[in-house]
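So the structure is just underneath, and the comments pick up after that.
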Amino acid sequence: MTAKSVPAKAVAVQPARAKSSFKWSNLIIHLIFILITLSMVVPLALVIVVSLTDENSILHHGYRMIPDKLSFSAYEYFFKSPDAILRAYGVTIFVAVVGTILSLILTASMGYTLSRRDYGLVRPTSFYVFFTMLFGGGLVPFYILVTQYLHLKDTIWALIVPGMLSPFYVLIMKGFMSKIPFEIVESAKVEGAREWRIFVQLILPLSKPSLATLGLFIMFNYWNEWFNALLFIDNERLVPLQLLLVRTMNSLDFITSRPEFALVMSNFNLANFPKTAAKFAIAILSAGPMLIVFPFFQRFFVKGLTVGAIKG
1 MTAKSVPAKA
11 VAVQPARAKS
21 SFKWSNLIIH
31 LIFILITLSM
41 VVPLALVIVV
51 SLTDENSILH
61 HGYRMIPDKL
71 SFSAYEYFFK
81 SPDAILRAYG
91 VTIFVAVVGT
101 ILSLILTASM
111 GYTLSRRDYG
121 LVRPTSFYVF
131 FTMLFGGGLV
141 PFYILVTQYL
151 HLKDTIWALI
161 VPGMLSPFYV
171 LIMKGFMSKI
181 PFEIVESAKV
191 EGAREWRIFV
201 QLILPLSKPS
211 LATLGLFIMF
221 NYWNEWFNAL
231 LFIDNERLVP
241 LQLLLVRTMN
251 SLDFITSRPE
261 FALVMSNFNL
271 ANFPKTAAKF
281 AIAILSAGPM
291 LIVFPFFQRF
301 FVKGLTVGAI
311 KG
């Protein structure tokens, strides 16, 4: 009986140690993720707080998480004469939505072609797509192509066409679609389905996680793009939101000299104008819509990116 009782004690003690060790590892992991989360949330919260802080308080005390005096003067400045910023919102939303749809169509079409086993030029075409990631054509040829050959200067399409197809996203889409069993395509062919019907009614529904993930990234790219607008857009009615932000941060004179803000200038003392708070305010105004959209696509991230990144 004594010999039987000793192993019983050993068996009872070992799980307790393992359980205690597991809890400590969980605690460390949770602390790491909490620190990572704080490193992302705290700067965003600071931007929001500074945009709501009185300008004199910023000048005397710097940036603080708890401001001495709240002020909505920066937001009042923009929304008392909202024509410019609302027009920039409209341009940016149109470019982001239309550009994302067109880009997903092209990316999915090319990714599906490269994922087909019966396509004889898979390797050379895949190499060609990958090769374009290594070398760029240069800024001057790019400008000449868009303005003199495509004739997109000062058009809304100059903000859409250059970013419609990314080789990196094509390879991700190819990797995801390669995981779809080819037997499904063969079965659909036996049933009499043609290539377009197979692609639209079979492949695209099965690729929703990857499409949603890439769609969000593409929309982010279009939403944050300002350099193409700087190159190709001279018409003030086609200025996107991010270019308005860049101009505001580089020179506040761009805003104060605009005719849309003439009414505000009569009600504001330029000596007390919230210059610093205005820069943070327009940053919040430009990032706000994407912060709202992101949570709806978050559940697709793990499945869409991890599966698509396994195969190249």
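Just so it is clear: in the sequence shown, position 12 is 12 by the UniProt record's numbering, and no numbers are missing. Every residue gets a Cβ at the ideal spot worked out from N, C-alpha and C, and that includes glycine.
Check whether residue i and residue j have beta carbons under 8 Å apart
i           : j    : result
S210        : L165 : no
L285        : Y143 : no
I238        : V91  : Residue identity check: residue 238 is Leu in the sequence provided, not Ile. Yes, they are a contact pair.
N228        : A281 : no
F199        : R117 : no
K275        : E55  : yes
S178        : S115 : yes
Y277        : S25  : According to the sequence shown, residue 277 is Ala rather than Tyr. No. Outside cutoff.
L150        : V161 : yes
V50         : I58  : yes
residue 316 : I180 : As displayed, the chain neither begins before 1 nor continues past 312, which places residue 316 out of reach and without an answer.
Extent of the continuous alpha helix (DSSP H) run through residue i
i    : result
P274 : Unbroken run through P274: none, as it is neither H nor E.
I93  : D83 to S115
G137 : Unbroken run through G137: none, as it is neither H nor E.
V246 : L241 to N250
A193 : Run containing A193: none; DSSP gives neither H nor E here.
T213 : K208 to N224
A173 : In the sequence on display, residue 173 carries Met and not Ala. Its alpha helix (DSSP H) spans residues P167 to S178.
H61  : E55 to H61
L152 : Unbroken run through L152: none, as it is neither H nor E.
N228 : F227 to F232
F78  : S73 to K80
Close beta carbons around residue i, own chain, < 6 Å, minus the five adjacent residues each side
i    : result
L214 : Y169
K279 : M249
T107 : Y169, V170 and M173
T147 : K153
S73  : P274
T132 : P167
I85  : F78
I292 : none
Beta-carbon proximity list for residue i, same chain, < 7 Å, skipping 5 on both sides
i    : result
I184 : L202
M290 : F220 and W223
A283 : V47 and L245
L241 : A88, Y89, T92 and S286
Y119 : T113
Cutoff 8 Å; reference residue i; Cβ partners in own chain excluding five residues on either side
i           : result
P295        : none
residue 341 : For the chain, the structure presents residues 1 to 312; residue 341 sits outside this window and is missing.
H61         : D68
L27         : none
Integer-rounded CB distance, given that residue j should sit under 8 Å from residue i
i    : j    : result
A88  : L244 : 5 Å
V129 : P167 : 5 Å
I218 : T53  : The pair is not a contact, with the Cβ atoms about 35 Å apart (cut-off 8 Å).
Below-8 Å beta-carbon distance, residue i vs any chain D residue
i    : result
V146 : Annotation note: the requested chain D is absent from the structure, which comprises a single protein chain.
Would the segment 221-234 count as touching the segment 88-96 if we require 3 or more Cβ pairs under 8 Å? yes
Do the segment 104-114 and the segment 167-175 meet, that is, are 3 or more Cβ pairs less than 8 Å apart? yes
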